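Engineer: Numbering (the working numbering), first residue to last: 3 to 231.
C-beta: ideal position from N, C-alpha, C; glycine also.
Quick caveat, the model's predicted, so the values are computed rather than measured.
Sharing a structure, written as structure tokens. Questions coming.
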């Protein structure tokens with residue numbers, strides 16, 4: 003039983019006009035996701051998808067994308083991304099999954115999932131815009147959600163491993179609202195997505211201030227889920 007992670011699949015089965023295949027590095031990405039996933043992930047494995055799962059604007063429009071994901075091997079844990087417009091209330095999402103027998107799909111939102119002695123924790127995060135009151139409010143809320151997720155794992159004596167959509171550090175930009183939470187609870191591993199194309203060169207990869215940061219955007223990983231544990 004292994005734990006994998008990937009983000010930014012940007013599936014477009016429900017809205018084919020938004021396919022990412024027009025961009026360099028995204029050619030035949032749906033087929034590549036399926037092939038790589040099935041070759042690597044076993045039925046008892048778990049895969050964390052750290053945001054931007056698909057382009058659907060609501061649950062109905064995203065149905066075909068959920069159907070595709072549910073058909074792949076393993077259990078999946080979804081974190082919200084900035085393009086996951088389908089994301090609604092926790093109860094509505096869970097009911098939608100139950101009604102459509104999407105039994106391998108779960109969402110990570112102010113909670114955690116146990117994996118051996120680890121707690122899978124996380125939240126979407128946000129951009130670092132300290133001079134914008136609206137952004138500061140969202141960021142504070144995301145930091146609170148991350149802390150709640152981490153605390154839920156710690157309450158069960160699990161070591162938190164964090165998965166986020168937005169990077170806490172990117173180039174010379176530091177998101178201290180999020181970083182302070184990671185430092186406070188001595189988080190050792192943080193996986194994030196959101197970064198594409200030329201931005202890969204500015205992504206923090208490796209240990210910084212005692213935390214091992216890893217970029218897991220789909221195009222960066224060439225659509226091969228990365229083994230975490």
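1. On the three-state DSSP scale, how would you describe residue 208?
2. Suppose contacts are defined by Cβ-Cβ distances below 7 Å. Is residue 168 in contact with residue 196 by that definition?
3. Using beta-carbon positions only, say whether residue 39 and residue 61 come within less than 7 Å of one another.
4. Pick helix, strand or coil for residue 55, following the three-state DSSP scheme.
5. Just reading off the beta strand (DSSP E) that residue 129 is part of, what are its end residues?
6. Which one of 32, 8, 26, 27 has the shortest CA to CA distance from residue 18?
7. Short of 8 Å in beta carbon distance, which residues of its chain neighbour residue 96, apart from the five on each side in sequence? Order them along the chain.
8. Along the chain, where does the alpha helix (DSSP H) containing residue 110 start, and where does it finish?
9. Taking the alpha-carbon of residue 186 as reference, which of 41, 198, 145, 36 has the nearest alpha-carbon?
10. Which partner residues does residue 214 have in the DSSP bridge list?
11. Quick one: give me the first and last residue of the alpha helix (DSSP H) that residue 243 is part of.
12. Going along the chain, which residues of its own chain have a beta-carbon closer than 8 Å to the beta-carbon of residue 171, five neighbours each way excluded?
13. How many Å lie between residue 226 and residue 9 at the Cα?
14. What is the residue span of the beta strand (DSSP E) that residue 77 lies within?
15. Compute the distance between the beta-carbons of residue 219 and residue 173, then report whether it is under 7 Å.
16. Using a threshold of 7 Å, state whether the C-beta atoms of residue 147 and residue 122 are closer than that.
17. Report the three-state DSSP secondary structure of residue 96 (helix, strand or coil).
18. From residue 104 to residue 117, what does the alpha carbon distance come to, in whole angstroms?
19. Identify whether residue 172 lies in helix, strand or coil by the three-state DSSP scheme.
20. Which of helix, strand or coil does DSSP assign to residue 161?
21. What do you get for residue 82, buried or exposed, if any count of 16 or more other CB atoms within 10 angstroms of its CB means buried?
Structural biologist: A quick look at the data gives this:
1. strand
2. yes
3. no
4. coil
5. Careful: residue 129 lies outside any beta strand (DSSP E) and carries neither H nor E.
6. 32
7. 109
8. No alpha helix (DSSP H) contains residue 110, which DSSP labels as neither H nor E.
9. 145
10. 191, 209
11. The question about residue 243 has no answer, for the chain in this structure spans 3 to 231.
12. 177, 181, 206, 210, 215
13. 10 Å
14. 77 to 81
15. no
16. no
17. helix
18. 21 Å
19. strand
20. strand
21. buried
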